[in-house]
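K.L.:
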Amino acid sequence: MTGAPIFERMALIGIGLIGSSIAQAARQRGLVKEIAISTRSPATLQRAEELGLGDVYELDAAVAVEGADLVILCVPVGANESVAKWISPALKKGAVLTDVGSTKGSVVEQVGPHVPEGVHFIPGHPIAGTEHSGPDAGFPTLFDHRWCILTPTPDVDPDALQKLTAFWQGCGSDVDQMEPKHHDLVLAIVSHLPHLIAYNIVGTADDLETVTKSQVIKYSASGFRDFTRLAASDPTMWRDVCLNNKDAILEMLARFSEDLSALQRAIRWGDGDKLFDMFTRTRGIRSSIIEAGQETDAPDFGRHTASETVSSSD
Ligand code: NAP
0 MTGAPIFERM
10 ALIGIGLIGS
20 SIAQAARQRG
30 LVKEIAISTR
40 SPATLQRAEE
50 LGLGDVYELD
60 AAVAVEGADL
70 VILCVPVGAN
80 ESVAKWISPA
90 LKKGAVLTDV
100 GSTKGSVVEQ
110 VGPHVPEGVH
120 FIPGHPIAGT
130 EHSGPDAGFP
140 TLFDHRWCIL
150 TPTPDVDPDA
160 LQKLTAFWQG
170 CGSDVDQMEP
180 KHHDLVLAIV
190 SHLPHLIAYN
200 IVGTADDLET
210 VTKSQVIKYS
220 ASGFRDFTRL
230 AASDPTMWRD
240 VCLNNKDAIL
250 EMLARFSEDL
260 SALQRAIRWG
270 DGDKLFDMFT
280 RTRGIRSSII
290 EAGQETDAPD
300 FGRHTASETV
310 SSSD
């Protein structure tokens with residue numbers, strides 16, 4: 000990006016995978032003039048400094064946000080309320096306050112009441128991530144061609160919204176807007192449920208007594224391996240997501256269980272047509288995701304070079 004920075008001073012509260020990636024993208028693309036970083040543990044703060052992610056490093060989040068015109072909460076969603084209470088008296092009038100949390104209704108409820116008059120609170124969620132955590136996991140291209148969903152209130156300040164939108168676009172994202180409740184419902188099916196299924200299936204395999212652990216690992220490329228990536232995601236983050244998007248997740252889990260029972264019945268009664276129809280319909284969804292540029296069509300998710308012949312779906 001060329002041109003003047005969008006914000007003068009950005010304060011990142013929390014510097015894990017997402018905070019570190021924002022810091023690197025913003026620095027590389029000239030989106031902000033100065034970056035202040037705060038996190039709760041001295042060890043993580045020191046690591047952020049060693050990686051050169053910011054200009055100012057502060058254990059006290061309230062000090063870090065002083066004078067910032069952009070403040071981004073990059074902590075697990077369950078920690079947002081206490082962080083908001085802490086920084087609230089130090090927020091600058093006119094500042095944009097946002098977050099990156101994977102749930103939005105809970106953030107509106109828990110952070111909203113602590114936002115002082117004159118501060119523009121616009122919750123956000125970049126739909127980009129990996130199973131890794133901590134400042135070392137961040138990289139500047141994480142948000143490229145990924146959606147970032149903002150959930151502003153109807154009375155949002157248009158200039159603040161425009162600047163935050165431009166910031167995320169500068170980070171490489173396409174920006175969309177949604178109602179917080181709708182966001183939580185959509186994310187429950189596209190992200191939260193898949194993670195829960197992955198945690199569950201990997202847990203089930205781990206508990207099996209008739210199949211040894213070494214066999215599970217040895218033959219993992221037959222499908223299991225793709226679940227283990229999701230199931231390696233940060234336990235704190237996912238505990239908080241489940242607790243803070245309870246209603247939507249329970250709704251999706253109920254629908255999933257019903258559909259699974261239908262599948263179970265089709266297998267039990269040898270209803271091949273039903274199985275074939277379902278597997279054909281779902282194949283089309285993957286093609287749509289590839290067409291939308293959200294996935295590679297390389298075999299095996301592009302893991303292997305063409306010279307290797309590995310079959311991953313049997
Ligand atoms: P992360 O790598 O685990 O980093 C978490 C950061 O939050 C660290 O700086 C950590 O501080 C701090 N933190 C943890 N617990 C805290 C608490 N109780 N109070 C104050 N600070 C605390 O996490 P992340 O993956 O960057 O995720 C951050 C946010 O982004 C979450 O809200 C998550 O829902 C959202 N998100 C994640 C992904 C993803 O794929 N990971 C994608 C989109 C959005 P210390 O290290 O100093 O303890």
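Position 41 of the sequence shown, counted from 1, bears residue number 40 in numbering that gives the first Met the number 0, the numbering being contiguous throughout. Think of the CB as a built atom: it goes at the ideal place given N, C-alpha and C, for glycine as much as any other residue. Quantities reported herein were computed from a predicted structural model and do not represent experimental measurements.
(1) Need the endpoints of the alpha helix (DSSP H) that M277 sits in, please.
(2) Ignore the nearest five residues each way along the sequence and tell me which others in G171's own chain have a CB closer than 7 angstroms to its CB.
(3) Comparing C-alpha positions only, which one of V174, R238, S232 and E257 sits nearest to I126?
(4) With a 10 Å radius around its C-beta and 16 neighbouring C-beta atoms as the bar for buried, classify N244 as buried or exposed.
(5) Taking a contact to mean a Cβ-Cβ separation below 9 angstroms, would you say I21 touches I71 in this structure?
(6) Tell me, to the nearest whole angstrom, how far the beta carbon of V82 is from that of I12; I am working on the premise that it is less than 8 angstroms.
(7) Helix, strand or coil, according to DSSP, for F166 in the structure here?
(8) Beta carbon of A35, beta carbon of A63: below 9 angstroms?
(9) Restricting to runs no shorter than 4 residues, where is the alpha helix (DSSP H) found entirely within the segment 129-206?
(10) Is the beta carbon of V365 sitting closer than 9 angstroms to the one on L90?
(11) Could you give the DSSP three-state label for S232: helix, strand or coil?
(12) Decide if H124 is buried, meaning its Cβ has at least 16 other Cβ atoms within 10 Å, or exposed.
(13) V107 lies in the alpha helix (DSSP H); which residues open and close that run?
(14) Kindly examine the ligand NAP and report whether one of its heavy atoms sits closer than 8 angstroms to the Cβ of R228.
(15) So which of L160, D270 and F223 has the shortest CA-CA distance to I5?
(16) Just reading off the alpha helix (DSSP H) that D246 is part of, what are its end residues?
(17) Helix, strand or coil: how does DSSP classify S81 here?
(18) Compute the distance between the beta-carbons of R285 and E294, then report whether it is under 9 angstroms.
(19) Take H182 and list the residues in its own chain whose beta-carbon comes closer than 6 angstroms to its own, dropping the five residues that flank it on each side.
(20) Is K32 helix, strand or coil when you go by DSSP?
(21) To the nearest angstrom, how far is it from the Cα of D313 to the Cα of R267?
(22) What number of angstroms, rounded off, separates the C-alpha of P75 from the C-alpha of D156?
P.N.:
According to the structure data:
(1) G271 to E290
(2) A24, T140, F142, D143 and H144
(3) V174
(4) buried
(5) yes
(6) 6 angstroms
(7) helix
(8) yes
(9) 157-169, 179-186 and 192-206
(10) Nothing about residue 365 can be reported from this structure: the residues present for the chain run from 0 to 313 only.
(11) coil
(12) buried
(13) G104 to V110
(14) no
(15) L160
(16) K245 to R267
(17) helix
(18) yes
(19) K103, I148 and T150
(20) strand
(21) Residue confidence is low: D313 scores 46 on pLDDT, short of 50, so the model does not pin down where it sits. Its coordinate-derived value is still stated next. In a straight line, the C-alpha of D313 is about 20 angstroms away from that of R267.
(22) 26 angstroms
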